[in-house]
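Comments concern the structure below.
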Amino acid sequence: DIPGAIHILSQGQEFYPESAEIRYKTAGFYLMMNNSINARINLIDGLKLDFGKHHLFEKDFPQYAHSNWTRQIISNVKKTSR
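The opening position of the sequence shown corresponds to residue 581 in my numbering, with each subsequent residue numbered one higher.
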């Protein structure tokens, strides 16, 4: 149940707001629901919290990991974080 997973992850964000892992998982589940706006927000937040852990998103959601959409977001965040 993807909406249920997002709800649980949202609760987790309240208790662990600095968790990049939660943001990456939330982004992936939003993509599975075709909600690219919330996916983008969570992916960017995860990258800003811990850029080095974006491999977790790639591992958990390989179907989105190498899409142009994802690569563009990762590239943009990498440029702005320098």
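Glycine included, every Cβ here is placed at the ideal spot set by N, Cα and C.
Exercise for the section: Write down the C-beta distance between F637 and K658 rounded to the nearest angstrom, noting that I regard them as a contact closer than 8 Å. Expected result: By 1-based counting over the sequence shown, the position of residue 637 is 57. By 1-based counting over the sequence shown, the position of residue 658 is 78. Between the beta-carbon of F637 and that of K658 there is about 14 Å, and that puts the pair past the 8 Å contact cut.
Practice task
Name the residue from D581, D640, E594 whose alpha carbon lies nearest to the alpha carbon of A607.
Solution key: One-based indexing of the sequence shown puts residue 607 at position 27. It is D640.
Problem - Supposed contact pair L627 and H635 - C-beta distance, whole angstroms, cut 8 Å - result: Sequence index remark: in the sequence shown, residue 635 carries index 55 (1-based). Sequence index remark: in the sequence shown, residue 627 carries index 47 (1-based). The distance from the Cβ of H635 to that of L627 is about 12 Å, inconsistent with a contact at the 8 Å cut-off.
Handout entry: Alpha-carbon spacing of T660 relative to A585, whole angstroms
Key = The residue you call residue 660 lines up with position 80 of the sequence shown. The residue you call residue 585 lines up with position 5 of the sequence shown. Each residue's alpha carbon lies about 30 Å from the other.
Practice task
Hey, could you find the ends of the alpha helix (DSSP H) N648 is sitting in?
Solution key: As a first step, residue 648 is located in the sequence shown; it is residue number 68 there, counting from the start. It spans 648-660 - the alpha helix (DSSP H) in which N648 sits, taken as one unbroken run.
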